[in-house]
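Read left to right, the sequence shown gives residues 11 to 256 (this note's numbering).
Okay, so here's the structure we're looking at.
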Amino acid sequence: MLVRQGLIPAAGSGTRLGPFTNAIPKELLPVGEKAVIEHVVEAMAGAGIEEIAIVVSPHKHGLSDYLGSGKRFGVNCTYVVQDERLGLANAVAAGEHVIDGTFAVVLGDNFFAPTTFLADLIAFHTSRHADATVGVAEVADVTRHGIIRPDGDRILGMVEKPSPEEAPSRLGAIGAYVFEKNIFDAIRKTEPGYKGEYQLTDSIGREIEEGKRVLYRQINGIHIDVGTPHDLMRANEWYLKKMKEE
11 MLVRQGLIPA AGSGTRLGPF TNAIPKELLP VGEKAVIEHV VEAMAGAGIE
61 EIAIVVSPHK HGLSDYLGSG KRFGVNCTYV VQDERLGLAN AVAAGEHVID
111 GTFAVVLGDN FFAPTTFLAD LIAFHTSRHA DATVGVAEVA DVTRHGIIRP
161 DGDRILGMVE KPSPEEAPSR LGAIGAYVFE KNIFDAIRKT EPGYKGEYQL
211 TDSIGREIEE GKRVLYRQIN GIHIDVGTPH DLMRANEWYL KKMKEE
């Protein structure tokens, strides 16, 4: 089944990357010759997605200036505003009015390679008739991720940024998801959680409690959250090395 729509949350403040992000959104920081969000847009286009909702905060105009209509990537970009930074679930909910079916979500400040990761995630989701599919990888620091409790290819539960002692596994959500529209119902039932924000892990947990088919798919390759100067440098080092090899 073709998935036509994607959503990219890009409303974060990027405080760990200051003072760079005092001037430009963190999603526009470069990995190689492209902004990190451009790599995400290209992965979505490569997966057959035609319409992308980009969730921005008020006054964060640089993203629309850079990406424009999306025509040069072969997609149509729509910009929706998350009025307050109230967590990832709230950011996803901000795009509900432009989503009409199955859709992919990829965080705008994450770098993945190869770009086929999303096409694989979508194919897995649709072939298994899932309600939600979470892209995961083995993570070194469980305190930076939503950590899953796996059973086969199903998720029995998720814990947002647990301590190492409380982590149910080392498989962490890495910012790539495929959802059916019923995720919006789960978000509406979600209470504020970690840091008083509406966490997407809690909304996914709600779907699990309601008996929805929530699966995970391990993503192979490179994944780097460019949320710190060190990680931004690491993404660039990997990308430039890859370009030289090719």
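Every residue gets a Cβ at the ideal spot worked out from N, C-alpha and C, and that includes glycine.
Predicted model only: the values in this text are computed from it and were never measured.
Asked	Found
Identify whether D241 lies in helix, strand or coil by the three-state DSSP scheme.	helix
Return the chain-ordered ranges of every beta strand (DSSP E) run that is complete within the stretch 114-177 and spans a minimum of 3 residues.	120-123, 142-148, 156-161 and 164-170
If R223 sits next to D141, beta carbons under 8 Å apart, how far is it from one beta carbon to the other, in whole angstroms?	5 Å
Buried or exposed for A313, please, with buried defined as at least 16 other CB atoms from any protein chain shown within 10 angstroms of its CB.	Here the chain comprises residues numbered 11 to 256, so residue 313 is not present and cannot be evaluated.
In the DSSP assignment, what residue or residues form a beta bridge with N86?	E61
Could you give the residue range of the beta strand (DSSP E) that holds D93?	From DSSP, D93 is part of no beta strand (DSSP E); its letter is neither H nor E.
Using the Cα positions of F127 and N230, report the straight-line distance between them to the nearest angstrom.	8 Å
Which partner residues does H233 have in the DSSP bridge list?	F122
What's the gap between the Cα of V144 and the Cα of L98?	14 Å
K70 by DSSP, collapsed to three states: which one?	coil
Between the Cα of L73 and those of A57, E48, V115 and L96, spot the shortest distance and give me the residue it belongs to.	E48
Return yes when the Cβ of A55 is within less than 8 Å of the Cβ of G84, no when it is not.	yes
Give the secondary structure of R14 by DSSP, where H, G and I count as helix, E and B as strand, and everything else as coil.	coil
Can you name, in chain order, every residue of its own chain whose Cβ lies under 7 Å from the Cβ of I59, other than the five neighbours on each side?	V13, R14, Q15, G16, V85 and A114
What is the residue span of the alpha helix (DSSP H) that L210 lies within?	L210 to E219
Return the CA-CA distance between E94 and G118, expressed in angstroms with no decimal places.	17 Å
At a cut of 8 Å, does the stretch 171-184 reach the stretch 132-141 through at least three beta carbon pairs?	no
Less than 8 Å separating the beta-carbons of V284 and F122?	One cannot answer for residue 284 here, as it falls past the ends of the chain, which runs 11 to 256.
Between A150 and I157, what straight-line distance do the alpha-carbon atoms span, to the nearest angstrom?	11 Å
Would you decide whether T112 is buried or exposed? Buried here means 16 or more other CB atoms lie within 10 Å of its CB.	buried
Is R227 close to chain C, meaning its C-beta is less than 8 Å from at least one C-beta of that chain?	The structure shown has no chain C; it contains just one protein chain.
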